[in-house]
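These notes concern the structure reproduced below.
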Amino acid sequence: MESMTRKRRNFTPEYKREAARLVIDTGRTIKGVADEIGVKPQTLGRWVEAERQATQPAKRRTVEELEAENARLAKELYEARKDNEFLGKAASFFAQRRQDRSGLN
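Quick note: the sequence shown uses the UniProt record's numbering, first residue 1, plus one each step.
Okay, structure coming up:
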């Protein structure tokens with residue numbers, strides 16, 4: 001009985017980039033290029049998406065956006081510290097109650 005498993009093919013990063021560039025630069029469909037080079041359209045689609053993300057310039061944020069994020073993070077940190085303080089006090093309270101109960105029995 002023959003084995004139905006196929007050996008998985010590995011592609012170099014350069015090959016993946018070149019295949020993705022065929023779609024991006026020529027405007028051809030992913031399916032058309034995939035059929036031509038012998039890979040599944042889903043595989044080539046992932047390569048195209050990765051190449052598009054890799055070639056997009058990083059979005060620069062404005063000073064106002066950075067200041068707003070900094071204020072949001074400072075508030076979040078303050079609230080987390082207050083929650084942590086409260087939880088510490090609650091844990092101490094319940095530990096003391098448990099200890100008091102154990103001492104009475």
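Backbone N, C-alpha and C fix where the C-beta goes; we use that ideal spot for every residue, glycine too.
For this session: Check the Cβ-Cβ distances between E65 and every residue of chain C, and say whether any is below 8 Å.
Result: Annotation note: the requested chain C is absent from the structure, which comprises a single protein chain.
Problem set entry | Reduced DSSP category for P13 - H, G, I as helix; E, B as strand; rest coil | Along the sequence shown, read from residue 1 onward, the residue named residue 13 stands at position 13. P13: helix per DSSP, three-state reduction.
For this session: Indicate the three-state DSSP secondary structure (helix, strand or coil) for V39 in the structure shown.
Result: The count along the sequence shown starts at 1 and reaches residue 39 at position 39. The answer is coil: DSSP assigns V39 none of H, G, I, E or B.
For this session: State buried or exposed for M1, treating a residue as buried only when at least 16 other CB atoms are found within 10 Å of its CB.
Result: What you label residue 1 is simply residue 1 of the sequence shown in a count that begins at 1. Reliability fails at M1, whose pLDDT of 47 lies under 50, so the model's placement of it is uncertain and no value is given.
Exercise. Beta carbon of W47, beta carbon of K16: below 8 Å?
Worked result: For the purposes of this step, residue 47 is taken as the residue at position 47 of the sequence shown. For the purposes of this step, residue 16 is taken as the residue at position 16 of the sequence shown. Yes, Cβ-Cβ distance for W47 and K16 is below 8 Å.
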